[in-house]
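Undergrad: Quick one: this structure, given as structure tokens, is what I'll be asking you about.
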């Protein structure tokens, strides 16, 4: 859940086992319906219906809110195919996802391994490393826009102070660097949750495996490769899928720090949807991108659930 | 094992530079927020202010209307958390413990929502709230956020309830309890861990949400804290002391709250994320 958010979108989609088991009650439908009614009403109205309408809008020439629109067939899809910004923002979205998995997922893993070895200072480091995750991504955008500020920012002033002023870059103005720079801000906020998940995974590894490895004369590196990392496999697939979904939903840092610029260099799918829907009022094209984004999310979720199911088998 | 643990000093020494990099931005903001504009302009991030400028905070608070932003965010969080629990607990119970035809399909319909990002439905969602007269209203945003969180909350409550033995349900039934009574008297008192996980996760995600408030809340008086800070920071983007102290006002309360409750918080967040 931005939902922290963001939370559990890599959920396990396998059939609920209890549905097939005999369990307590057989009466039924009436009671279940009443208990589910508020959820069905809210979710149906604010989540399911908008999904259907998004599909409809993608086939119309809607030019804004509260306007008439008519059916135009596949027009918007063809326009999307011809729009270079669509392709570019899609490419940047994948790059953005990759950066986030590597930077945030990687840092989360490394710090989880390090923190788990501590005893007395463990809670201190775990707490301190988690602090960035408490900050809203929008606020993270404000913070890091200032960190990258070419004149007063933390990076440029610190580099100048220690005599490395020549290392300064246009962190947010260089088209080749900007997406990475913004992603560092997002990943700074994101890694804490992944770290906690990895720490929980490490606690679930059977300690006797380490003892057995020691008896076999394994060194720390061999223990890491042969016991720890295989033991983290489940959590690892979960974190990768979660990080990909969180990356896909990434919006606030880009919106706040660069608004997609310079020259669309940091435009990702969400910022382009926002621009098309609320600034250009091109709802048809925006809806096509919305569908594309949903499909990407579905593919990621399903692929990782298959992968996890296969691992479990 | 009786073997002595090796000293953790080397590990701590290796982690200290990482700590500085991770926590550095907070410290830099806090120190800079207490400087004068002239001291910030000198461009030395490692220096301390000659005199602590608490006045920066008073100015930022008044100019940025942070009192109203924090109030709106609190109302928003309270609304989302309360509604999420009221909606997800009964539905999670029904899907976990009542047998009825089509149960799996209902469950899948809810789980489907877990995969659809809110940005992907924003156009009809905006139109819908506009038709309901709820644009620029905290209630509109709250309802949209609750709905967005239903799949996760329901999934969490359902998986927790499924772990409660059926014998308890049966016993309560024999005593003549109906489903509503079983839920409120047997299940809810047992499900404190699931409830606190859901509470923590939905409170944090709502407090930090930006996209829905950005789209829906137009007038500054109705905006929530992250949105208000972004507007404030772009309005006064050359007035660094204001931007810095406003930013600190935004993140400090949550960080203090977290440090005070960190054990419970970490537990709830991890369990919630792993269950979900």
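Chains as they are written, first to last, in this note's numbering: chain A, 105 to 417; chain S, 21 to 296.
Ideal Cβ placement from N, Cα and C applies to all residues, glycine included.
Would you say residue 209 of chain A touches the ligand PLP, meaning its beta carbon is less than 6 Å from a heavy atom?
TA: The ligand PLP is absent from the structure shown, which contains no ligand whatsoever.
Undergrad: So what's residue 164 of chain A in DSSP terms, helix, strand or just coil?
TA: strand
Undergrad: Listing by chain order, which chain S residues have their CB less than 9 Å from the CB of residue 284 of chain A?
TA: Within chain S, no residue comes near residue 284 of chain A; the closest Cβ sits about 16 Å away, beyond 9 Å.
Undergrad: Going by DSSP, what residues sit across from residue 271 of chain S in a beta bridge?
TA: Beta-bridge pairing links residue 271 of chain S to no other residue.
Undergrad: For residue 230 of chain A, which residues from the same chain have a beta carbon less than 6 Å from its beta carbon, with the 5 sequence-adjacent residues on both sides left out?
TA: 219
Undergrad: Measure the beta-carbon distance from residue 289 of chain A to residue 321 of chain A and round it to whole angstroms, keeping in mind my assumption that it falls under 8 Å.
TA: In fact, because the Cβ distance is near 45 Å, the residues do not count as touching under 8 Å.
Undergrad: From what residue to what residue does the alpha helix (DSSP H) around residue 171 of chain S run?
TA: Secondary structure note for residue 171 of chain S: its alpha helix (DSSP H) is the uninterrupted segment 158 to 182.
Undergrad: With three or more beta-carbon pairs closer than 8 Å as the criterion, would you say the segment 343 to 361 of chain A touches the segment 203 to 215 of chain S?
TA: no
Undergrad: Compute the distance between the beta-carbons of residue 69 of chain S and residue 57 of chain S, then report whether it is under 7 Å.
TA: Contact: no.
Undergrad: Taking just the CA atoms, how far does residue 179 of chain S sit from residue 428 of chain A?
TA: Limits of chain A in this structure are 105 at one end and 417 at the other, which puts residue 428 of chain A out of reach.
Undergrad: Note down, in chain order, each residue of its chain lying with its Cβ closer than 6 Å to the Cβ of residue 166 of chain S, except the 5 sequence neighbours on either side.
TA: 100, 103, 104
Undergrad: In three-state DSSP terms, what is residue 220 of chain S?
TA: helix
Undergrad: Return the residue from the list S:41, S:286, S:63 that minimises the CA-CA distance to residue 264 of chain A.
TA: The residue with the shortest Cα to Cα distance from residue 264 of chain A is S:63.
Undergrad: Please classify residue 311 of chain S: is it buried, with 16 or more other beta-carbons within 10 angstroms of its beta-carbon, or exposed?
TA: Not covered by the structure: residue 311 of chain S. The range shown for chain S is 21 to 296.
Undergrad: Considering only the alpha carbon of each residue, which of S:292, S:285, S:115 lies closest to residue 199 of chain S?
TA: Nearest in C-alpha terms to residue 199 of chain S, of all of S:292, S:285, S:115, is S:115.
Undergrad: By the 9 Å beta-carbon criterion, what residues does the segment 95 to 106 of chain S contribute toward chain A?
TA: 103, 106
Undergrad: Identify, in the order they occur along the chain, each residue of the same chain with its Cβ nearer than 7 Å to the Cβ of residue 252 of chain A, setting aside the five sequence neighbours on each side.
TA: 259, 275, 276, 285
Undergrad: Listing by chain order, which chain A residues have their CB less than 7 Å from the CB of residue 265 of chain S?
TA: Under the 7 Å cutoff, chain A gives no residues; its nearest Cβ is about 12 Å from residue 265 of chain S.
Undergrad: Compute the Euclidean distance between the alpha carbons of residue 341 of chain A and residue 242 of chain S, then round it to the nearest angstrom.
TA: 40 Å
Undergrad: Evaluate residue 201 of chain S with the Cβ neighbour count: other Cβ atoms within 10 Å of its Cβ, from every protein chain shown; 16 or more gives buried, anything less gives exposed.
TA: exposed
Undergrad: Relative to chain A, which residues along the segment 130 to 141 of chain S have a C-beta separation below 9 Å, given in chain order?
TA: 130, 131, 132, 133, 134, 135, 136, 137, 138, 139, 140, 141
Undergrad: Please list the terminal residues of the continuous alpha helix (DSSP H) segment that includes residue 292 of chain A.
TA: 282 to 307
Undergrad: Going along the chain, which residues of its own chain have a beta-carbon closer than 7 Å to the beta-carbon of residue 296 of chain A, five neighbours each way excluded?
TA: 233, 234, 236, 237
Undergrad: Let's see if you can read the secondary structure: which residues bound the alpha helix (DSSP H) around residue 193 of chain S?
TA: 186 to 194
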